[in-house]
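Residue numbers for the sequence shown follow this note's numbering, beginning at 17 and rising by one. The beta-carbon is built from N, C-alpha and C at its ideal position, and this holds for glycine as well. Only one structure is covered here, and it is reproduced in the block below.
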Amino acid sequence: MKPYLFAAIGASFFATSLAVHAADVPAVLQSKCASCHALTKPESNSLDRLWERKGPDLHYAGNKFNKEWLVEWLQDPAKIRPAGEFYRKHVKPGTKEDVVDESSLAPHPKLAREDAEAAANALMTLTDPDGLIEKGAFKDQKVAMSMGAMYFNKLRGCAACHSAVPGKGGLSGPEMATAGKRLQPDFIYSYIKDPQKIDKGVWMPKLDISDADLQKLTSYIVQLSAKEDKKMNSRNSISFSWLTSIGLISLLAFMEPAAAASDDSFEHAERLYDTYCTQCHGVNRDGNGVNSVFMSVQPRDHSDAKGMGDIPNSEIIDVIKKGGLAANKSVLMPAWGGVFSDEEVNQLAAYLRHVCKCGSDQ
Ligand code: HEC
Ligand code: HEC
Ligand code: HEC
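This is the structure we're talking about:
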């Protein structure tokens, strides 16, 4: 579509159109956004697709976003994912912890108001036909912020990957300070309950969380953005605008998994490790992941022969499946049993022995 046509399409057209089927994604999105975003449900759920995608999936955008936020954000797109999409392609070893390679992150395209409104209206028509989101699940019971923070930071370890306060917290997941403005509460609830149901393969684990705790966490996240609003106003608005540096070429340098192990028999486990574990355990498997900076308990150094050699296989398998708490370790080590098959857990455990060059495979 020609640019002038794009600009000319008014909001009213999309506002009146009905939910789209796969075949008729609004042209305004198809022409400008489809190169980076899936606008229809992807056919493949493979890890390869996760590694290749250039932006988050938008095929269920109408069930995810608040329209007012979309209109504003598309005109002035502040960073949501500190380490980009997807994090592993944008982090590299630093002097101690891994760091985000800012030069590999390009600014998001900016739209003029009229185009932003047309695009937002079009996005709101992309609704999910599969019942991914539980409508009415969020009961909107207020939670004390101190209680919410305790769940988010200490009891559930969400802060290992997310920042609730800008600049403090993990970098591999979206920032949460403005999530309440960005996202519909039922989406927040449904996502925390089962991230893989919404985005198969995503590197947030499905955790076993009761409805009562899901309500608390969702309320806390919704309330956070109201709090952040107040702060922003009193500070006279500091803009968290996108990075100005562009260095797409250097991105290629981080596309390949670290050379920690290259044995073919570990190919799948190594891919899993790169996708799910390096965010905390580090590109070099040394415990210095990009999230580790703000973590109160440091991730295990998997390259340490002595430390890893002392852990029996049964414990390694238990911890991967059920999380740190299963072995009286920190909740910051999440449970991955909701994401991997038993076979994959066993492969990961064997791979860890290969990385540390220690212990036995028995
Ligand atoms: C060059 C690739 C690229 C193009 C083109 C692009 N986007 Fe994006 N988009 C991204 C990336 C990368 C992110 C993640 C940004 C972040 O998290 O900070 C993103 C994020 C978004 C988000 C927030 C998604 C979320 O889940 O948080 C929306 C909404 C969005 N884009 C809409 C659009 C629309 C509408 C267009 C077309 C007008 C478009 N994008 C074009 C790469 C792109
Ligand atoms: C191991 C890292 C990790 C942990 C632990 C984690 N998350 Fe996430 N979370 C992510 C990632 C990665 C995404 C989605 C990334 C994307 O869409 O690009 C995500 C997405 C979300 C979203 C949707 C946000 C959006 O903008 O799409 C919410 C809400 C959320 N997480 C809440 C939580 C809560 C609450 C906890 C604790 C119970 C938690 N997360 C634990 C990594 C994590
Ligand atoms: C959100 C951050 C995070 C992610 C993601 C993560 N870990 Fe961990 N992991 C930790 C922390 C923190 C510890 C240290 C826990 C402690 O010592 O109390 C740890 C410890 C471990 C241990 C040692 C357990 C023990 O008994 O001492 C193993 C094994 C392990 N992780 C494997 C993995 C694997 C495999 C993955 C990927 C599937 C993974 N971890 C992903 C944070 C993480």
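Specify the secondary structure class of residue 233 as computed by DSSP and reduced to three states.
-> helix
Taking the alpha-carbon positions, what's the residue 41 to residue 135 distance?
-> 11 angstroms
Mind checking if residue 163 is an interface residue toward chain B, Cβ cutoff 9 angstroms exclusive?
-> In the structure shown, chain B does not exist; there is a single protein chain.
Give the C-beta separation of residue 108 and residue 115 to the nearest angstrom, bearing in mind that I take them to be a contact with Cβ-Cβ under 8 angstroms.
-> 6 angstroms
Element boundaries [alpha helix (DSSP H), containing residue 371] | 358-372
Can you tell which of 47, 240, 52, 89 has the C-alpha that lies nearest to the C-alpha of residue 192?
-> 240
Are the CB atoms of residue 334 and residue 317 nearer to each other than 9 angstroms?
-> no
Is the beta carbon of residue 233 within less than 8 angstroms of some heavy atom of ligand 2?
-> yes
From which residue to which residue does the beta strand (DSSP E) around residue 180 run?
-> 179-181
Between the CA atoms of residue 157 and residue 88 - distance to the nearest angstrom | 28 angstroms
For residue 31, I'd like the list of residues in its chain whose CB is within less than 6 angstroms of its CB, leaving aside the five on either flank, ordered along the chain.
-> With a pLDDT of only 37 at residue 31, under the threshold of 50, the placement of this residue in the model should not be trusted; the figure read from the coordinates follows. Excluding positions up to five away in sequence, the list reads 137.
Cβ-heavy atom distance, residue 316 to ligand 3, below 8 angstroms = yes
Give the straight-line distance between the Cα atoms of residue 100 and residue 227, rounded to the nearest whole angstrom.
-> 30 angstroms
The stretch 359-378 in contact with the stretch 325-332 per 3-pair CB rule at 8 angstroms | yes
Could you have a look at residue 185 and say whether DSSP puts it in helix, strand or coil?
-> strand
Can you tell me which of 368, 348, 90 puts its alpha carbon nearest to the alpha carbon of residue 322?
-> 368
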